[in-house]
Structures are given as structure tokens and as C-alpha cells.
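Chains as they are written, first to last, in this note's numbering: chain A, 222 to 331; chain B, 2 to 113.
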């Protein structure tokens, strides 16, 4: 499985945008970039995924570098409820096993 | 409401006493799996199932059994629990055509 690298922790303020980076320099052509998050005392929750183009959904945006060696999850206007551990995961096309790294612990200040 | 349920949510047991953690999903998903989460080790897959009667080992299957007799249920069985199986367990499911996996709320197991 290709490896991802994320900062251990990040901090932001409520109602400000948050950019969570992820490096995946060994990504292969059929690897999708997935983001999950885990709120305190809950199971992981799907956030977004993409392959090459930037993606938007109701929760977040995903910006993928042109060479696909890095990506950024963007929370446009953070709320206290967005405080969680965010995981960047590479998933090969057709695969189902999620390999979770250590993730980024995001703290949101009121 | 689409969901994955697990029972029990909390369990304290003793070494060697067989236990089963149930997992059920109401989304008609083909794929189901079990993960355990330990501090510093992240989530690791224990077993998975691609469909009824089809199961396979994940990364850490030792000491665990599973079965998939019905599409909606995927119980995790610990025949003889040991203290190193003290962990937080999550069940997940997904449609074979969808990349989104749905996770249950977790079962915190303590084996003394």
C-alpha cells in the first residue's frame, strides 16, 4: 500500500478556512485519494475522495496537485464540530481495505 | 436511517471466555469488515467479507473468527479472548460499487 504523510496536528479558529495537507509521493495511477475523519468517541466518517481533478461536496473540497503527489482537504468555514482526526488514505481502484495512518488531529478554537 | 449497528458497545470480560460482537447494516451492502483501533497503531483490518459466505483475513486476524451467513450481519467471534485483544473495534460496510465506507459506533472491549 502506498504511504501518506500528514502533520500530526493542526489548529484553526472557528469560521475560518482550514487546509489539511497530505503527501503521497509514491501514489500510483489507479490510487484514489480518500479522506475520512473521526470525531471523538465515534467511528470514522467518509469525507471526500478524488482521483485527478479537484472535488467538492457538502462537507469539504479536495484539491489534488497536478502530479498527484500531494493533496489538500479544505474545510471552507470550520465549526467546533469539525474538531476531529482527519485521515488521508490511498485506495487502489477496486480495493476495499482502508489503511489508516496516524492522521492529523484538528483543533478548532472558538 | 442508513446505519451500521454494533452490540455491545462496551464489554468487560475475562481471559478465555468466548464472546461475540454483532454487526448489522441496513443498506444491503455487499462488503463488510472489522477493524481494531489501538493507540499509536491506528485502525487495522481484522477480517473482511465481499459477500455472503465469502470471508477473508485482513492484517491482524489471529485470535478472531467471523461468519457471513446473511448479507446484513457480520459477527466477530473471539473464541478465547486474551488481554492483548483489549481494543476498540469497528465494523464497516460498503456497496461494492461505492468507495464510501460506513462505520459503526464502535465496541470497546476490555479483557482482564
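By construction, the Cβ of each residue, glycine as well, lies at the ideal position given by its N, Cα and C atoms.
If you draw a straight line from the Cα of residue 226 (chain A) to the Cα of residue 243 (chain A), it is about 6 Å long. For residue 245 (chain A), the nearest beta carbon of chain B is not closer than 8 Å to its own beta carbon. For residue 294 (chain A), the uninterrupted beta strand (DSSP E) segment begins and ends at 291-296. Ranked by how close their Cα comes to the Cα of residue 298 (chain A), the residues A:308, A:291 and A:282 have A:282 in first place.
Your pair residue 327 (chain A) and residue 241 (chain A) checks out as a contact, with CB atoms roughly 7 Å apart and the cut at 8 Å.
Residue 317 (chain A) sits close to residue 95 (chain B), with the two beta carbons spaced by under 8 Å. Proximity of chain B to residue 261 (chain A) at the Cβ level (cut-off 7 Å) is not reached, the minimal Cβ distance being about 11 Å. At least one CB of chain A lies nearer than 8 Å to the CB of residue 46 (chain B).
Residue pairing of residue 307 (chain A) in beta bridges, as defined by DSSP: A:258 and A:325. In this structure, DSSP gives residue 85 (chain B) a helical state, which the three-state scheme calls helix. Note that the region 46-61 of chain B does not touch the region 261-281 of chain A; fewer than 3 beta-carbon pairs, one per stretch, sit closer than 8 Å. For residue 74 (chain B), the CB contacts under 6 Å within the same chain, skipping 5 residues up- and downstream, are 25 in chain order. Check the Cα spacing between residue 292 (chain A) and each of A:323, A:248, A:303 and A:265: the tightest is with A:248. The beta carbon of residue 102 (chain B) sits closer than 6 Å to those of 93 and 95, all from its chain and outside the five residues before and after it, given in chain order. Here DSSP, grouped into helix, strand and coil, assigns residue 302 (chain A) to helix. The Cβ neighbour count for residue 246 (chain A), taken over all protein chains shown within 10 Å, is under 16; the residue is labelled exposed.
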